[in-house]
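For the sequence shown, the positions run 335 to 529 when the working numbering is used.
Taking it in order: structure first as structure tokens, then the write-up.
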Amino acid sequence: MGSLVTLKFHSVSCSQWAYEIGQVPRHKSQAKGTLVSVMVHSASRSIPNNFRRGGTMGIEAIDHWVLVVKDLEETFAFYRKLGLEAGWQERPGGRGTRPIIRISETQKLNLYVIDRYEIESPTFAPGYATGSADFCLRWEGTVQEAQDFLKQAGVPVLQEPAARSGALGPATSLYVRDPDGNLIELITYGDPKYR
335 MGSLVTLKFH
345 SVSCSQWAYE
355 IGQVPRHKSQ
365 AKGTLVSVMV
375 HSASRSIPNN
385 FRRGGTMGIE
395 AIDHWVLVVK
405 DLEETFAFYR
415 KLGLEAGWQE
425 RPGGRGTRPI
435 IRISETQKLN
445 LYVIDRYEIE
455 SPTFAPGYAT
465 GSADFCLRWE
475 GTVQEAQDFL
485 KQAGVPVLQE
495 PAARSGALGP
505 ATSLYVRDPD
515 GNLIELITYG
525 DPKYR
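What follows is the structure in structure tokens.
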């Protein structure tokens, strides 16, 4: 596939995960179904022993998310503006292709078009709704560079950047929405302007 991530996004393919020390993992209830927030942790940070690889869980990384969308072409266009690769992936067993957004070589977003998904997977369709996802992408540069990039791409920022707590500790982030209303957080660590 060539270069899978363009511009400034880091791959989030780490071998460990954790929640912030002293906090209970957060679950975000949606009107239809539940979205569980899982944060990926860098191998270079200190995390509780029971969350290290080989511990009780054995989770390595997030592999993919599923986004339920209304308009596939509009979704492709939006994520391409963010510098991600949008296209089709072969499905195993000769079952055709599926639409995806590639985040890195090891992570992707599977896209399900809501009308088609309800017909093809009726047992899974209840509880799925467009605009119910909330996820975070790590940005390599400063928050100002992220704002400039988004402005140039024509993607409005929802609010001014603010201090947040991410998987790697204190950070700064901002939020945008995709065409279906999914909330996308861009987070950066070590921006001196927001310390």
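Every residue gets a Cβ at the ideal spot worked out from N, C-alpha and C, and that includes glycine.
Boundaries for residue 394: no alpha helix (DSSP H) harbours it, and the DSSP string shows neither H nor E there. Within the DSSP bridge table, the entry for residue 444 names 400 and 434 as partners. Of the candidates 418, 415, 436 and 448, 448 places its Cα closest to the Cα of residue 514. The C-alpha of residue 518 lies about 26 Å from the C-alpha of residue 424. When rounded, the separation of the alpha-carbon atoms in residue 499 and residue 469 is 14 Å.
For residue 511, the uninterrupted beta strand (DSSP E) run begins and ends at 503-511, by DSSP. In its chain, beyond the 5 residues on either side, 513 have a beta carbon closer than 8 Å to the beta carbon of residue 408. DSSP, reduced to helix, strand and coil, places residue 468 within a strand of the structure shown. If you draw a 10 Å sphere on the C-beta of residue 478, you find fewer than 16 other C-beta atoms in it, and that means exposed.
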